[in-house]
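Have a look at the structure below, then the notes.
Numbering (the numbering used here), first residue to last: 6 to 185.
Set out below in structure tokens:
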């Protein structure tokens with residue numbers, strides 16, 4: 006705390022040694038803090054929670070929104086690793102919607118190209134879909150890193166292997182096939 010009352014100085018956010026994954030701690034025989042949740046009160050288990058309507062909404066462009074498929078595959082992947090209860094459903098929804106929007110932007114780039122016409126001068130400009138695509142991909146990666154960090158810290162078994170984030174290019178190619 007500085008003399009003027011503001012919190013300055015001290016350790017920086019994200020500085021220092023990164024925490025080891027829970028599976029690595031268990032494999033090395035170290036004491037691992039496992040989050041203990043209270044027993045649920047007479048709950049009914051379901052494979053995947055109901056998907057919200059905005060993830061299934063019809064699109065003006067006619068391109069199918071793949072957010073529902075991404076949500077389901079991500080949730081199933083989390084449940085297989087026993088981490089479904091640790092990840093907030095809103096984070097999964099945000100990840101699914103961002104992936105879907107990224108696929109839409111990439112589809113539009115494929116259809117319209119990298120150049121667009123300036124609305125007032127008529128000169129060639131960079132397509133706005135390229136910038137939107139880059140922003141959505143950045144958002145996709147940030148959401149996925151948050152999800153994966155939660156899995157890494159809470160999964161006592163192996164958490165590697167194929168994951169929904171690896172399927173991004175496959176989703177893009179599938180969207181192009183559905184359109185044709």
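All residues carry an ideal CB built from backbone N, CA and C; glycine is no exception.
{"Check": "Outcome for residue 93 when other beta-carbon atoms lying within 10 angstroms are tallied against a minimum of 16", "Outcome": "exposed"}
{"Check": "Residue 102 burial status per 10 Å Cβ neighbour count (16 or more: buried)", "Outcome": "buried"}
{"Check": "Any 3 or more C-beta pairs closer than 8 Å across the region 57-77 and the region 22-36", "Outcome": "no"}
{"Check": "Close Cβ partners of residue 82 (< 8 Å) along its chain, the five nearest in sequence each way excluded", "Outcome": "168, 169"}
{"Check": "Classification of residue 129 by the beta-carbon crowding that lies within 10 angstroms, buried from 16 upward", "Outcome": "exposed"}
{"Check": "Within 8 Å, strictly: CB atoms of residue 86 and residue 160", "Outcome": "yes"}
{"Check": "From 178, 151, 153, residue whose alpha carbon lies closest to that of residue 110", "Outcome": "178"}
{"Check": "Three-way DSSP call (helix, strand, coil) for residue 25 in this model", "Outcome": "coil"}
{"Check": "Boundaries of the beta strand (DSSP E) in which residue 130 is found, first to last residue", "Outcome": "129-131"}
{"Check": "Residue 74, buried or exposed, once every other Cβ within 10 Å from all chains shown has been counted against 16", "Outcome": "buried"}
{"Check": "Distance CB(residue 134)-CB(residue 117) smaller than 8 Å", "Outcome": "yes"}
{"Check": "Three-state secondary structure (DSSP) of residue 121", "Outcome": "strand"}
{"Check": "DSSP state of residue 90 mapped onto helix, strand, coil", "Outcome": "coil"}
{"Check": "Short Cβ contact (8 Å threshold) for residue 155 with residue 138", "Outcome": "no"}
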